[in-house]
Structure formats: C-alpha cells, structure tokens
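> What follows is a structure written as structure tokens; I'll ask about it next.
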Amino acid sequence: MTIRLENVGRRVDGAMHLSGIDLVLEPGRLYVLFGRTHAGKTSLLRVLAGLDRPSEGRMTENGADLAAVPVPSRNVAFVYQQFVNYPSFSVGENIAAPLRRRGLSAEEISRRVTDVARRVQLESFLDRLPGQLSGGQQQRLAIARALAREASLMLFDEPLVNLDYKLREGLREELRGLFRQGRQIVVYATTEPEEALQMGGTTIVLHEGRVVQQGPAQEIYRKPQSALVASIFSEPPMNLVPARIEADRLRIGTLSIPRPAHIPAGLQGECRIGLQPHRVRHAESPGAIRLEGEMLLAEVDGSSTFAHFTAAGHPWVARIEGVHALHPGTAFAGHVDPRDLYVFAADGALVAPAATGGPVHG
Amino acid sequence: MTAIQTFVPAAAELTRPKRTATRARIFSATLLGLFLLFQALPIYWIVRMSLMTPNNVLTRPDFLPVEPTLDNYRTIFTDPSWYMSYVHQISYVALNTVISLAVALPAAYAFSRYRFLGDKHVFFWLFSNRMAPPAVFLLPFFQLYSAVGLFDTPWAVALAHTLFVVPLAVWILEGFMSGIPREIDETALVDGFSLPRFFVTVFMPMIASGIGVTAFFCFMFSWIELLLARTLTSVDARPIVVTMTRTASTSGMDWGLLAAAGVLTILPGIAVIWFVRNYIAKGFALGRV
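Respectively, the protein sequence lines represent chains A and B. Numbering follows full-length UniProt numbering, with no gaps: position 318 of the first sequence is 318. Numbering follows full-length UniProt numbering, with no gaps: position 265 of the second sequence is 265.
In structure tokens form, the structure reads like this:
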C-alpha cells in the first residue's frame, strides 16, 4: 500500500505544528524523519498513525481517504521514545496482544511470538513481566510487538534515544536488518544526522513543521539544498560564514584566497560559505587555506576535540580527531582544503557543493 | 603527621552525636509507646467489657475481665435482630463500594484523559457535594426514598452514601490515572484494543493500588456513617450501628452485650485495613490520598 499526503497541515490552538506536507510513502521502503526537537516529527508520526487528525490536507492509502478509518482498524504499529508496554501482561502476552485483537489463530500467534522474540533476543524472557526487564529489553519488547503485527505502516519515534550508547548501536544494527526484510513502510524519526546516515533509506528533513528536503541521507549531507538544511543536518552545526566572490578571489571576512575551482564560472557577489567542522584540519597540508586565530573554547568528546576559535573575524568550530590540549586564548590555526567549501547564495540556496566527495565522517 | 592530628579531634566528636542519637531514640520510643497505649486502651477496655456479665461490668473496675464469659457473643450470633443487623450493614457497605467504583472509574478516566466543555467546573462541583454535612440531605433522601419505595432497604443507604463517596473516589482515582502515561492508551488503540477492553485488561491492573485505596475509603465512610443509616432504615434493613445505639437507649444498659457488638463492628474495619495496607502505602507515594 502506498500512503500519500497532500498538503497536510496541523494546527493546535492556533500554533502551527505541521504545514504543507506532501509525501509519498511506498511499501518496502525506509523513511527517516529527521529534524531537531519540535520540528514536527512526532506530530507527523501521530497524524500518520491516525492518533491526531490533520487540520488541513488529505491523507490517502492506495487512493482511499484515511481520515474516516478509526485507529484500531488501521494496520499501524507505533513505537514510542518511552518504553511503552502492557505492564500486567507477560512478555509473550505483550507480543501476542495486537495479534489476538486481530483474531489470528492460536498456532499463528505462537509461531509469530516465538519468531519475533528470537529476532529481538527475548525468547528466554517470554514469561517475565515487562517490569522485570532492563531498559533495552523493554524497548526491544515494544519493537517486537510492533514487528509481530506485520503492520503495513510501522512508525518509530526516536526509539533508541533513551538507551545507552552501546545498546543503541546494537539495537540500531538489529533494526536495520529487520527493516531490510520487510515489505512494509517504515518511518523512523531521529534528531541525529549520524543516525539518519547509518539507517539508510530516504531521509525527510523537517524544520518548523515543513519538509525542507528529502532524499538519501548521503545526498542530503553532500548537497544540502540550503544553508538551513546544511546547518541542521550536521553535528555540530556547519560553519556558515558570510563571504564575497570576486573575479578571481574569494573573500571570507578578512581573509582573501584564490577563487576555488568548483565555484561555477561567472558567479560573483555576496554569499555564504559553509564548512563542515570535521573538515578543519589541525595539521598543515599543501594547498590548504590557513585559518589563523585565537582559541575560544575546547570540548573533548571521547575521540575528538571540538575547537571553537575565531579567525578572519568570525567564530568557527572545528572537530579534530583525537584529544588535544587546546587552551582558550592561545593561537590556533585550522587548515582547510578550499574544495571542502560549500557556497550558498545570500538567500540560503545551495550554489556549489563541496567538490570533495570522500568519507562522510572525517 | 597531619593525618593523625586531624583524626584525633574527629574521633572525639564522633561519640557525642552517638550519645544524643541514643537519647533521641529512647525519647521517641517512649512517646510512641504512650501514644499506642492511649490508642489501645479503649479497644482493650471494650474487649474486656464484652467478656463480662452486665453486673460485673458495672461493679468491678478490675483491669482484667472478671469471670470471663462468651455469653454476650453467643447472644449476638443467635438473635436474628442482632446478627441480621450485621448482614444489613455489610450488604449496603458492599453495594455502596461497588456502585461508587463502577461510577467513579469511568468518570475519573474521562476527567484524566479528555478535555470537554466545563470539565474543571464539573470536577469542582462534584467536590462541593462533600462540603455539605450529610444532615442537610436527610430530609430530601427520606422523602424521596419513601416515595419510590426504597425506604428501609440496603439500597437506600447505599445510594445515599454514594453521594458523598463518589466525589472522593473520582478524585483519588483521577490522581492515579493521570500518573499513567497516555502513550499506553494510544499504543493499545493502535494495537487494536477497544476502549472497554483496554480499560479492563490493561488499564485497571495498572491502577490496582489506586482502586484498592479508593475501595477502602468507600468502605470506611459507609461503615462508620450513622446519621443517614439511621434515618433511612427502620426495621427490615436496620444496620448494626443503629441497633447498637437504639439498644443503649431503650432496653436499659446491657453494657456487656453492647461491648461485644462493638468488638464485632471493629473487626471488619481491621480486616479491610489489613488487606489494603500495602496499597495505602503505595497510594500515599503515587496518588492523592
């Protein structure tokens, strides 16, 4: 079944939650709903599930209007960010609950329960109550209940966000495998660009209730349509600095460099350049621009160091591999390959993506 | 060197708080003991009286029961006007508890989950029922129940009590229900549960302690209420609280018999508290008790 949203919007007490959403969701595909908090991800998922009604626009399934179909008779599964299970049912009964409601035969139910429990590695806990499981197991149970449904539309609202790092990695890997086998529509909401990149599928970027770009995550990362997408689809946000393109120079603040070759010929005037924080190198390399300035703040994040510094009259962020002792107030020089620069027009539209393909994560 | 210097005064200081702690413990234990003694003494006294003949009750001030006998209890369990009083009282208390819960559960769910026109006003209005003393409602209830033929039945007292118990029940249950995340309701809806089935099989077990606490309060109000029970019954449905007070005024003072009836009236309350004590503790932690 194909779900089509046409100009769907939702207002609550005058506040706009969703606006002008046009989407086509096709079976067997994975859609990653990406956006910052309050971008409208949960609102969109709830509208898709039928829990909230769109206040404008149409939502159809194979051409039939979905608005009239009551939630219990829709073929939808929903996994929340919180671990939502039926606390008075055993693990096995939790997985079986939606199947029983759909009137499946006892053999079919037990077959599916054992099958799904094995896939999420809960087969030895079938008789326990959800309260006796760890957080990761509880979320796996919620996912198992959604999988057992074999619903044609599966909605995941940041399902991994309340889990610790190790569990997340493992469970994300499991989910990707599970999604690959299915014929259903999977919609998976996340706030992390990294997760969108790892999940694959089609990424839909939401911002303030609107779809600002959609396509494969890699493509969104390489060719963000606007400075807005570039800055939200990057963690930490992409450096966006006003610049000026001249006949054979590019002026970034007080810095003037030879015009990079990937800027389309004939283009001149005010613009903004974008630079991924991880593309700022600590080490010198031939042909690199030197961003010389002063350290403001350094944060160490496990394996890399975030260096906030000023150069060419603007603040920058660099993400440098490894742990470095960088002290505020000392001199700092970042080295940037000019081919790594994105160029956005003054209104934010992408003019030239970075010329370097390379690995997405530096 | 410095380590030793700092250690010595620290050790001296350690003993002082310990001594005050012991003294405080003795003090609080004494206070608690006195309190329990005052609480238990009347109960002991009624048990003592219930085991004595009327004559001995009036003449012997001994601490222990004099010539203990179970005659008083024997009278209660053989005389229908006594034991049927218990049956009447238990039946209207049970009716009241069941009706109140049956009404308050859906009402509390509505207040907790939905927004509707005037929801807050209705919630407050429910409470205003409790602000009037039961005596205010004596006359209308008496007239009304006489007119529809409910007078002197357990239903009369049970229904009259629900007026006071339902608001409290709604309020307590609403607190418990609002502690359960809405996502559970929505998940059940998405999973294909109908609302009644979800309510009974998923939701009610989640607020079991709240229901226990609410049932306890319904029971307690109805079990100890005298005024309505006395006005709305005469002979056929007379409860024990009424029988006891009427016996005291008409047939002289059979202190021993009254004491035995009193002991038997305390017992169900103790039993109910025993069963719900864990729920009550949970209720204090979770809801609105």
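Each residue gets a CB set at the ideal place from its N, CA and C atoms; glycine is no exception.
Hey, would you say Ser222 of chain B sits closer than 9 angstroms to Val157 of chain B, going by beta carbons?
In this structure, Val157 of chain B lies closer than 9 angstroms to Ser222 of chain B by Cβ.
> Taking the C-alpha atoms as reference points, what is the distance between Phe124 of chain B and Gly209 of chain A?
For Phe124 of chain B and Gly209 of chain A, the distance between alpha carbons rounds to 38 angstroms.
> How many Å lie between Thr97 of chain B and Arg149 of chain A at the Cα?
In this structure, the alpha-carbon of Thr97 of chain B lies about 40 angstroms from that of Arg149 of chain A.
> Give every residue of the same chain whose Cβ lies closer than 6 angstroms to the Cβ of Ala237 of chain B, excluding the five residues on either side of it in the sequence, and list them in chain order.
Cβ neighbours of Ala237 of chain B beyond the five flanking positions: His88, Asp152, Thr153, Pro154.
> Out of curiosity, what's the CA-to-CA distance linking Pro286 of chain A and Pro277 of chain A?
Straight-line Cα distance between these residues: approximately 19 angstroms.
> Are the C-beta of Thr231 of chain B and some C-beta of chain A separated by less than 9 angstroms?
no
> Leaving aside the five residues before and after Asn94 of chain A along the sequence, list all residues of the same chain whose C-beta is less than 7 angstroms from its C-beta, in chain order.
Asn85, Tyr86, Pro130, Leu141, Arg145
> Can you check the stretch 8–66 of chain A for any alpha helix (DSSP H) of at least 4 residues that lies completely inside it and give the ranges in chain order?
41–49
> Cβ of Ser128 of chain B within 8 angstroms of any heavy atom in the ligand ATP?
Among the components modelled here there is no ligand, and therefore nothing to report on the ligand ATP.
> Provide the residue span of the alpha helix (DSSP H) that contains residue 301 of chain B, from first to last.
Given a span of 1 to 289 for chain B in the structure shown, any question on residue 301 of chain B remains unanswerable.
> Just to confirm, are Met220 of chain B and Val272 of chain B a CB contact at a threshold of 9 angstroms?
yes
> On the three-state DSSP scale, how would you describe Gly269 of chain B?
helix
> Starting from Glu219 of chain A, trace the alpha helix (DSSP H) both ways and give me its first and last residue.
217–222
> What's the call for Pro359 of chain A, buried or exposed, on a 16-neighbour Cβ count within 10 Å?
Confidence is the limiting factor: at Pro359 of chain A the pLDDT is only 46, short of 50, which leaves the residue's position unreliable and the question unanswerable from this model.
> Am I right that Leu30 of chain A and Phe78 of chain A are in contact with their C-beta atoms under 8 angstroms? What's the rounded C-beta distance?
Going by Cβ atoms, the distance from Leu30 of chain A to Phe78 of chain A rounds to 16 angstroms, so no, they are not a contact pair.
> What in chain B is Cβ-close to Tyr86 of chain A, meaning under 7 angstroms?
Val202
> Could you say which of A:Trp316, A:Thr305, A:Thr330 lies nearest to Val323 of chain A if we only look at CA atoms?
Put simply, of A:Trp316, A:Thr305, A:Thr330 the residue whose alpha carbon is nearest the alpha carbon of Val323 of chain A is A:Thr305.
> Please confirm whether Val280 of chain A and Val229 of chain A have their CB atoms less than 9 angstroms apart.
No, the pair does not count as a contact, with Cβ atoms beyond the cut-off.
> Among all the DSSP beta bridges, which residues are the ones paired with Leu275 of chain A?
A:Asn239
> Buried or exposed for residue 363 of chain A, please, with buried defined as at least 16 other CB atoms from any protein chain shown within 10 angstroms of its CB.
Because chain A here runs from 1 to 362, residue 363 of chain A falls outside it and cannot be looked at.
> In terms of DSSP beta bridges, what is Trp316 of chain A paired with?
A:Phe309
> Taking beta-carbon pairs under 8 angstroms, can you tell me which members of the stretch 89–113 of chain A lie near chain B?
Phe89, Ala97, Pro98, Arg101, Arg102
> Can you check whether the CB of Leu228 of chain B is closer than 9 angstroms to the CB of residue 360 of chain B?
Outside the displayed range of chain B (1 to 289) lies residue 360 of chain B, so it cannot be described from this structure.
> Check Leu31 of chain B in the structure and name its three-state DSSP category.
helix
> Would you please verify whether the beta carbon of Tyr279 of chain B is less than 9 angstroms from any beta carbon of chain A?
no
> Might you give, ordered along the chain, the residues of its own chain that have their beta carbon closer than 6 angstroms to the beta carbon of Val186 of chain A, omitting 5 neighbours on each side?
Leu30, Met154, Phe179
> Helix, strand or coil for Glu67 of chain B per DSSP?
coil
> What would DSSP say about Ser88 of chain A, mapped onto helix, strand or coil?
coil
> Determine the closest residue to Val47 of chain B out of B:Ile266, B:Val200, B:Gly192, with distance taken between C-alpha atoms.
Of B:Ile266, B:Val200, B:Gly192, the residue nearest in Cα terms is B:Ile266.
> Using a Cβ cut-off of 7 angstroms, which residues of the stretch 178–205 of chain B contact any Cβ in chain A, in chain order?
Pro181, Glu183, Ile184, Glu186, Thr187, Leu189, Val190, Asp191, Gly192, Phe193, Ser194, Val202, Pro205
> Using DSSP with H/G/I as helix, E/B as strand and the rest coil, what is Leu104 of chain A?
coil
> I believe Leu173 of chain B touches Ala108 of chain B by the beta-carbon criterion, under 8 angstroms. Please report the beta-carbon distance rounded to the nearest angstrom.
Indeed, because the Cβ distance is near 4 angstroms, the residues count as touching under 8 angstroms.
> Give me the Cα-Cα distance between Ala243 of chain A and Ala345 of chain A, rounded to the nearest whole angstrom.
10 angstroms
> Could you work out which residue in B:Arg113, B:Asp71, B:Tyr44, B:Phe77 is closest to Asp62 of chain B when comparing CA atoms only?
B:Tyr44
> Whose CA, out of B:Thr233, B:Leu41, B:Met52, B:Asp191, lies closest to the CA of Gly103 of chain A?
B:Asp191
> Assuming Ala311 of chain A and Gly293 of chain A are in contact, meaning their beta carbons sit under 8 angstroms apart, how far apart are those beta carbons, in whole angstroms?
3 angstroms
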